[in-house]
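If you're matching positions, the sequence shown starts at 0 in numbering that gives the first Met the number 0 and goes up one per residue. For every residue, glycine included, the Cβ atom is placed at its ideal position computed from N, Cα and C.
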Amino acid sequence: MSDQTEPTSQILLCSNCFTDEGLRIDAAKHGLEQQSDCPNCQSPDGQKLTLDHIKSLAWRFFVSGTTIRCEYGAAPVIQFNEHRYGQSDIAPSAWLENDIRLIEEAAKIGFFHYGPRLWMVGEVEPLKALQDPKTRPQIIERILREYPEGTLSEGSKFYRLRVSPERPAEPSEYDSPPVAFAGRGRLDSPGLSVMYGSQDLDVCIHECRASTEDELYVATLKGQRDLRLLDLTHPLEETETEFESLDMAIHMLFLARSHSYDIARDIALAAKEAGFDGVIYPSFFSLIRTGAHPFETAYGLSLRRFHPERNQYVEADTIRNLALFGRPMESGLVSIECINRLILTQVGYRGHFGPVEY
Ligand SMILES: [Zn+2]
């Protein structure tokens, strides 16, 4: 499929201009079908690229394609901009050298090794304070104070998936595991069972790490009354920099792997203590599901915080998960509406390319 573009946009390159197979495939996927010879390589049948196409291609391949995840946060190794035109300092594989020159000349940009601003790799004060058990409680107090209460209204549907339940037709199979088994997930801990669910069925599948081999069942559940939830997906209005941002701390916390679970569990325990029925939290798979790039920036500023249409930007990148405390079916907070067997016929992967050395 080709992208739409202005008919007047000037064609600068085409997919056949490139030697690197990854760049060539990406350019062919996003470029325009157009019957004309490429002004660079004269090929009639490559997909044609305008300036916008070339910049997007450069961003996917060199910025997103060199992004490295850290314990908290993530940052690209390479960036580019107009100011560095003619001053590139990257050392790519031999087969990429000419491709890079073509891109730089066509878009008048230069590639350079990016020293990330340190907040991007987790140097965020409230996040550091959360990692230290001594200072954690005072940040959790702030979280309870600053994040709003969300509601799952009575009658609202959500889904809960089980992999190979013993008795698939038995409703109690879909309640939280008994407390003796609690303490393995992101928010449950010894003594606190948690029911995980989502209003997005695809997220349930991702969160279960389900594969086509698995025997899967999905329960459709409904709230029996309005449920009070601490909404950790809400973008906080803040005046502080990224380095002091509680919003960024929470965003990074839920995109981190299992080393972060201790912190999330303490937040859940405090929310329960404060009388909430559960929390709404951003899915670890938000980025995969929405195709978003983690911690995207423009000139070192977080787009999550400074995007001109911030709420829409955050909304588009966030998948909400539900975690309800205790055993909500047993306690009558939620009831089962329906159980289905779920057959996965396809597990999708989509991706793009990046360089192997730089
Ligand atoms: Zn060409």
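Query                                                                                                                 : Result
Collapsed DSSP secondary structure at C337 in the structure displayed                                                 : strand
Straight-line gap, E81 to K54 (C-alpha atoms, nearest Å)                                                              : 11 Å
Cβ-Cβ separation, S152 to D213 (assumed contact under 8 Å), whole Å                                                   : About 32 Å; that fails the 8 Å criterion.
For H112, three-class secondary structure by DSSP                                                                     : strand
Burial state of L117 (16 or more Cβ within 10 Å)                                                                      : exposed
Given 8 Å, three or more beta-carbon pairs between the stretch 121-141 and the stretch 162-176                        : no
Span of the beta strand (DSSP E) around A322                                                                          : R319 to F324
Helix, strand or coil at T232 according to DSSP, with G and I counted as helix                                        : coil
Through-space distance from R183 to D261, alpha-carbon basis                                                          : 10 Å
Closer than 8 Å: L252 CB and nearest ligand 1 heavy atom                                                              : no
Burial state of E373 (16 or more Cβ within 10 Å)                                                                      : Residue 373 is absent from the model: the chain starts at 0 and stops at 357.
Other residues of its chain near Y195: CB distance less than 6 Å, five sequence neighbours each side excluded         : A322
Any heavy atom of ligand 1 within less than 6 Å of residue CB: hits in chain order                                    : L12, C13, N15, C16, C37, N39, C40, S42 and G45
The stretch 8-16 / the stretch 26-46 touching (three or more Cβ pairs under 8 Å)                                      : yes
Cβ pair count under 8 Å reaching 3, the stretch 44-52 against the stretch 82-95                                       : no
Beta-carbon proximity check, F352 vs F60, cutoff 9 Å                                                                  : yes
Cβ-Cβ distance between H112 and I77 below 9 Å                                                                         : yes
Outcome for D88 when other beta-carbon atoms lying within 10 angstroms are tallied against a minimum of 16            : exposed
Close-in-space but distant-in-sequence residues of the same chain around A263 (CB under 8 Å, 5 per side omitted)      : R185, L186, L252, F253 and Y280
For T66 and R349, the rounded distance between their alpha carbons                                                    : 17 Å
Helix, strand or coil at M194 according to DSSP, with G and I counted as helix                                        : strand
Alpha helix (DSSP H) runs contained entirely in the stretch 215-282, provided each spans 4 or more residues           : 245-253 and 260-272
With 16 other Cβ atoms within 10 Å as the buried cut-off, status of F305                                              : exposed
E329 to R141 span [Cα, whole Å]                                                                                       : 32 Å
F79 (DSSP reduced to helix, strand or coil)                                                                           : strand
Element boundaries [alpha helix (DSSP H), containing L50]                                                             : L50 to A57
Neighbourhood of I249 by C-beta distance below 6 Å, restricted to the same chain and skipping five residues each side : L231
Nearest-angstrom Cβ-Cβ length linking D265 and L228, presumed shorter than 8 Å                                        : 17 Å between Cβ atoms; not a contact.
Coil, strand or helix - F17 by DSSP                                                                                   : coil
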